[in-house]
Each structure stands twice: as structure tokens, then as C-alpha cells.
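Remarks on the structure that follows.
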């Protein structure tokens, strides 16, 4: 299992809801979390620039289908909004009785 965080530049709330509904949820229908954050990066001038951001958090199996889905989400966001998406993944052990029962038939969680 992996915990993946995708870092997005903030877009209008209605556009974010649409992007989640049209692009993210169909690829990861079994669950996700997201939250608004304040970010900072080094801009072209070399000085720190503040940027409102959103982090999308997913727990998922490390398989080809999920890797492809994550790449698609990043590419679609870049094409639509002109902002790259940072992806950070790390292995985790996740436990939830419902997930354990559903894991065999669950595309997001099955190895």
C-alpha cells in the first residue's frame, strides 16, 4: 500500500469540485481526502513566493493501474490549469476492517 499526496496550486472552489468529480473520483472512487494549505516555492526571481494550494491524499495499492491514474490526474491538471502537480508517495501499512473485507474486489486497494 502507498500513501500518495498530490500537491496542486489552488484554483477556484467550483473548478476544483468539478476536477475532483470529473477526473479524480472516477479514478479513485473508493475514497480520498483533500485539504487547503498555504505553500511557498522559489520563484523565477529566486525569492520565495507564497501560493495557496491543495493537497489530495490517497491510500492505494502500488499497481500499474493506480500509477497510470495518478499520472493522468497530474497531466490533466497541467493541461487544464497550467500548473504542475507534485507527487509524493511512501509505503504504508493501512488497516480498516471494511478495507480488509473489500480488498480482493477493490481496484484502488487490490495489489
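In the numbering used here, the protein residues as written are 473 to 583. In this text, a Cβ means the ideal position worked out from N, Cα and C, and glycines have one as well. Just so we're clear, the structure is a prediction, and the values are computed from it rather than from any experiment.
Check: Quick one: which unbroken beta strand (DSSP E) runs of 3-plus residues sit fully inside the region 507-559? Chain order, please.; Outcome: 520-532
Check: Roughly how many angstroms lie between the CA atoms of residue 506 and residue 495, to the nearest whole one?; Outcome: 14 Å
Check: Residues in its own chain within less than 6 Å of residue 558 by CB, not counting five upstream and five downstream?; Outcome: 479
Check: Is it a yes or a no for the region 546-560 touching the region 480-491, going by three-plus beta-carbon pairs under 8 Å?; Outcome: yes
Check: Rounded to whole angstroms, what is the Cα-Cα separation between residue 475 and residue 560?; Outcome: 8 Å
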